[in-house]
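Below is one structure; the comments refer to it alone.
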Amino acid sequence: MSRTTLCLDIGSGTQDVLYYDPSLDPENCPKFVLPSPARMVAGKIRELTAAGRGVHLFGTNMGGGFSRVVKAHLDAGLFVSATPAAAFSLGDDMARLTKMGIELTDDCPKGHVAVALADYDPGFWRAFLGAAGLPMPDHVAAAAQDHGFAPGVSNRRSRFSLWETFLAEADGRPEALVYETPPVMLTRLKALRDSIGGGLTADTASAAVLGALFDPDVAAACDEAGAVILNMGNSHILGALIFGGRIFGIYEQHQGIRQPDGVWEDLEMFRRGGLTLDMVFDAGGHGCMTLPLPLEARGFRQTFIIGPKRGLLRGHDAVFPCPGGDMMLAGCFGLVRGMGMIEYE
């Protein structure tokens, strides 16, 4: 009997879901695109703001896509408290959070409404999958963006230092992008791993790159000559130079800060090895790093673009693949590819 895996790609706007059954063709596996956990938390806090109620955040470190809603709640003259573990969802610097007006306490203050924080809630998935007629899976694998624990350091710098470590120490091996045990500084992924019961985790950008390689035509093109894989996400843009089963460069920018033509200009320099970390950072992004580029990669001329904002680059000389038959599930199929790379059981 085949063993099923619930694959979750948890983004800022959506969580993309694949109920992977290896006995089925990828196109026939159940798939869902749902609001992200952070988006659902933001909705609850907005309701409490409108009702004039205090908020108490508890649970685990999760995506902080609701931080602006918390600030709006405070600006409205309402109270916010949080357990220390939950507070890490809003930042690594506890002194800064208390200065904002967030009270750190293990107990819900009288009159506050408790709001649970978690990237993965087993009760939610048990009910959701049950309503769809699906049993709980044998495994859960999940991807989420993690800037790394670095209090007092720019989260843009700290996040890109993780990519620099990957290129320098893992020599660009894609299988190093998925974790059975996340590095200690990846506190969000550690909390996520604990929540899903010890399954595989990955950064969302890593999962997207691996997902593009799930497409056999993309993988073949990257083996024959170098190519750029670009993920145009809702919040972040991630580019990777890939050749012969290795990643030779990483580029990361923020969606909405760099205009589409500017992103394409960056890619042209990136594929030639001429784009620097400071050039990207000064333009509002995280950075760029390349290893020595092999001549056999022929300048990484081909470009494959995935992601929900890929339409912004329509009209450029690029291919828009659909891994597993559904582009929105690229990150989930990346987790599937990652499981195969490390022979996960």
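Sequential numbering of the sequence shown, starting at 2, is according to the working numbering.
A virtual CB, placed ideally from N, CA and C, is assigned to each residue, including glycine.
These numbers were taken from a predicted model, which means no experiment stands behind them.
In this structure, the CA atom of histidine 140 is about 22 Å from the CA atom of alanine 213. Classified as buried, histidine 237 has 16 or more neighbouring CB atoms from the shown chains inside 10 Å of its CB. In the DSSP assignment, isoleucine 46 falls within the unbroken alpha helix (DSSP H) covering 38-52. Taking 8 Å as the upper bound for CB-CB distance, glycine 173 and leucine 292 are in contact here, some 6 Å apart.
Of the residues assessed, proline 322 falls on the buried side of the cut-off, its CB having 16 or more other CB atoms within 10 angstroms. For the pair of segments examined, the region 105-114 was found to touch the region 70-84: the number of CB pairs separated by less than 8 Å reaches three. Look at lysine 100 here: in three-state DSSP terms it is helix. With 16 or more other Cβ atoms inside 10 Å of its own Cβ, lysine 191 counts as buried.
Contact annotation: glycine 12 and proline 38 have beta-carbon atoms that are not nearer than 8 Å. When Cβ pairs closer than 8 Å are counted between the two stretches, the region 128-140 is seen not to touch the region 247-262, the count staying below three. If you ignore the 5 residues before and after threonine 277, its C-beta comes within less than 7 Å of the C-beta of Cys289, all in its own chain and listed in chain order. Closest in C-alpha terms to valine 264, from the list Asp120, Gly312, Asp224, comes Gly312.
Here the C-alpha atom of glycine 339 lies approximately 8 Å from the C-alpha atom of leucine 178. Here histidine 74 is buried: its Cβ has 16 or more other Cβ atoms, across all protein chains shown, within 10 Å. Straight-line measurement puts the Cα of proline 110 at about 21 Å from the Cα of phenylalanine 67. If you check the CB distance, tyrosine 252 and aspartate 262 do not come in under 8 Å. Under the DSSP definition of a beta bridge, cysteine 289 partners with Tyr252. Beta-bridge annotation (DSSP): arginine 259 is paired with Gln256. Following the DSSP letters along the chain, one finds leucine 91 in no alpha helix (DSSP H), marked with neither H nor E. If you draw a straight line from the Cα of aspartate 279 to the Cα of alanine 128, it is about 47 Å long. Annotation for threonine 304: no alpha helix (DSSP H) segment contains it, though the beta strand (DSSP E) segment containing it runs 303-307.
The DSSP assignment places complete alpha helix (DSSP H) segments of no fewer than 4 residues inside the region 166-211 at 188-197, in order along the chain.
In this structure, DSSP gives alanine 222 a helical state, which the three-state scheme calls helix. Nearest in C-alpha terms to glutamine 303, of all of Ala208, Glu225, Val71, Ala86, is Glu225. When the five nearest sequence neighbours on each side are left out, the beta carbons in the same chain lying within less than 7 Å of the beta carbon of aspartate 17 are those of Asp10, Val34, Met329, Leu330, Gly332, Cys333, in order along the chain.
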